[in-house]
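Here's the structure we're looking at; comments come further down.
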């Protein structure tokens, strides 16, 4: 600090500087300072005290109007090139010396506060006459700077309330624009004696959301009023710091930046966006154009530009929060561009968001669920504000499986919904192993695409052997393309027409079979069931095997085996009289005797366990013959003792099944041809499943043996001379059946016992044709045997 040595009339002495940190015009202490420390952006006031001399330069007396000047310079101790200089000027006067000191009730204020009183500042102007004469028409003025609004009727002079209008109290507030609260405070003091002090106070409000910074206010005093020769003298400048406040809100209102604590029950101020209902699979959009109809708005309620963060709290599944697997995606206002950042929002500005909630595809609920959006300034995560996004209910999507016609058969089939929920929607009649078609239509009532597996309801599985295949239907309802196991994608609100082809197995019993079709989505879990019915028609198939040829000696007997097999799909012989039969012998008039037995123990021989058939109804003795069951019969033919060799006898065994369930069955019969010979040779053939490598068998039987492709069967044919005379040229022969070949196994197949194989060189693996052996002579009661193995041809691809 220094005197100016030129351009003035005198110099100062006793120069001192005092700190005025609160800028109230009064030194904070009586200790002079030579340096101050300031933070970035910080400022302080300094008060300079100096003593004027009694004489000027050269000892001349000072006179009114003489000037004295001094300079004060601030220099950075960190960088001495940084300096700032201020020059003060003091003018000598012989009249009153009036000064004014300005202070404020606060030094800093939060301009973002909603409460007006919280933003009030009381200014105090202390004016005084330090001169030697009384001053008249002293005028104190204070023009309010931008950001301040005058509080009406708040002025007090020496503690006495003043009116704002022009009246006798000398105080007035003149607005620049009527009702604006902006203008100038003026106080006129008629007289102010030397060493007299006065105090004027008045209040202002900092305008809400005034930008951060400093409001500097300086009052002025004119010692002789506007018409006098003296000019205005400024007060000390007073600063009110407008704090930098970073905060914001998020709500559902474009025009009201209300915070969580200010919410009401009114829809426009309830701090939530509610979507009343969405369908399962539908995306919930929270925006002005979405299902909720209200915007998501982030308001910058601070007084500085700020970027805001947004977080999503999906809550707890089962406790009002979103279900597990939910996705909340934020977008910019266009609802298309993904949200990354609000960017810098100016004070008082706003930013619109769109939130889209995607719930798990399988989710539906009648209870409300919500997510919570939270926003906060990026630089201050503690200043949070929230908005609830509520979905009141999620109505289940449905899939409807029906037959696609215009009718609707209602019922209560478990798992069925929509159309055709009753039993037996369509009924088709067919025979075993013959397919029938059922029309199906699958409707996806959801809002998004879905796909559905096609199957029979596991809770109502079909019996073994039933076959079901699904196809896309053509325009006429016929199956097309390859079989399906899944519908493929069906758009929301779309459908697909199908055909189910159902085939009962060849052995399906007659009667009704309900078919529970089921569609189920692997994505959403939706399912539906529809029930059709197949009526399997009665299919009667009785066979009688086989015709036989034999020989008998005069007075001898021969026994023929016949097998009645039921290969149909109903039980035969269930009622007496349903299997009438006849047994005739064209030689019965010549002493021949024919008898019929049921082979109860199925050993092929007539013994005590077997039942002699009397009457003309087999059903009375056999009882019901189940599907795939059979009954063995033995016919015994006895020639008279005087029978002439060469005489033939023909026995015809005929079964005439009665009509059952309206279905007739043709007669079936076998013929046994017996010839009288002097030497009676009887052939007995039996068979067994064997190992194709060894050809050994555990048990032979005369019953039917079933062999699969690639398996082997061994035949044993025994010729026995039951006559009293030796028989010559006995040949035992048999053919390999169709679809089989001979299996040659050394010492096992073919093998002749008490006989000689013929054409042995032909009997190799793969041979087809006749296998034979000869024995001559064959004595009475002697036997000859032929054995060989055949292999069922394997299946070819």
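Numbering (UniProt numbering), first residue to last: 1 to 797.
For each residue, glycine too, the CB sits at the ideal point set by N, CA and C.
By a beta-carbon distance limit of 8 Å, residue 707 does not contact residue 732. Their separation comes to about 22 Å.
Comparing alpha-carbon positions, the option among 130, 730, 759, 525 lying closest to residue 683 turns out to be 730. Here residue 108 has 241, 243 as same chain residues with Cβ atoms under 6 Å from its own Cβ, once five neighbours each way along the sequence are excluded. Exclusion of the five residues before and after residue 776 leaves 728, 729, 730 as the residues of its chain whose Cβ lies within less than 7 Å of its Cβ. Judged by DSSP in its simplified three-state form, residue 590 adopts helix.
For residue 213, the three-state secondary structure derived from DSSP is strand.
Residues of the same chain with a CB within less than 8 Å of the CB of residue 667, apart from the 5 flanking positions on each side, are 654, 655, 656, 657 in chain order. In the three-state reduction of the DSSP assignment, residue 476 falls in the coil class, being assigned neither a helical nor a strand state.
Short of 6 Å from the beta carbon of residue 348, and not among the five residues preceding or following it, lie these beta carbons of its own chain, in chain order: 209. Runs of the beta strand (DSSP E) lying entirely within the stretch 25-109 and spanning at least 3 residues, in chain order: 45-51, 67-75, 83-91, 98-104. Take the alpha-carbon of residue 521 and the one of residue 274: they are about 30 Å apart. Shown here, residue 262 sits in a helix according to DSSP, grouped into three states.
Per the C-alpha coordinates, the member of 491, 551, 745 positioned closest to residue 723 is 551.
The beta-carbon distance between residue 364 and residue 394, rounded to whole angstroms, is 5 Å. This is short enough to meet the 8 Å contact definition. Going by beta carbons, residue 252 and residue 211 fall outside the 9 Å limit.
The three-state reading of DSSP puts residue 762 in helix, counting H, G and I together. The beta carbon of residue 686 lies closer than 7 Å to those of 700, 701, 702, 716 in the same chain, with the five residues before and after it left out. Residue range 183-192 is occupied by the beta strand (DSSP E) that includes residue 192. For residue 620, the uninterrupted alpha helix (DSSP H) run begins and ends at 619-622, by DSSP. Across the structure, residue 641 and residue 554 are spaced so that their CA atoms are roughly 5 Å apart. The continuous beta strand (DSSP E) containing residue 441 extends over residues 436-444.
Looking at 358, 319, 247, the one whose alpha-carbon comes closest to that of residue 344 is 247.
With respect to residue 124, residue 154 sits apart: the two C-beta atoms are not nearer than 9 Å. Rounded to the nearest whole angstrom, the CA to CA distance from residue 644 to residue 676 is 7 Å. Taking residue 529 as reference, the option from 386, 634, 112, 443 with the minimal CA-CA separation is 443. In the structure shown, residue 483 adopts extended strand secondary structure according to DSSP, grouped into three states.
Nearest in C-alpha terms to residue 89, of all of 4, 272, 745, is 4. The Cβ neighbour count for residue 739, taken over all protein chains shown within 10 Å, is under 16; the residue is labelled exposed. Scanning its chain for C-beta atoms nearer than 6 Å, with the 5 sequence neighbours on each side dropped, one finds around residue 139 the residues 188, 222, 225, in chain order. Taking a C-beta distance under 9 Å as the contact criterion, residue 68 and residue 92 qualify as a contact pair. The residues 435, 467, in chain order, have a CB closer than 6 Å to that of residue 503 in the same chain once the five nearest residues on each side in sequence are set aside.
Cβ contact annotation for residue 712 (same chain, cutoff 8 Å, sequence separation greater than five): 689, 690, 691, 692, 695, 743, 789, 790, 791, 792, in chain order.
Between the stretch 130-137 and the stretch 265-274, the count of Cβ pairs shorter than 8 Å is below three; the stretches do not touch.
Nearest neighbour of residue 454 by Cα position, chosen from 424, 465, 501, turns out to be 501. Residue pairing by DSSP places residue 171 opposite 187 in a beta bridge. Rounded to whole angstroms, the separation of the alpha carbons of residue 147 and residue 299 is 21 Å.
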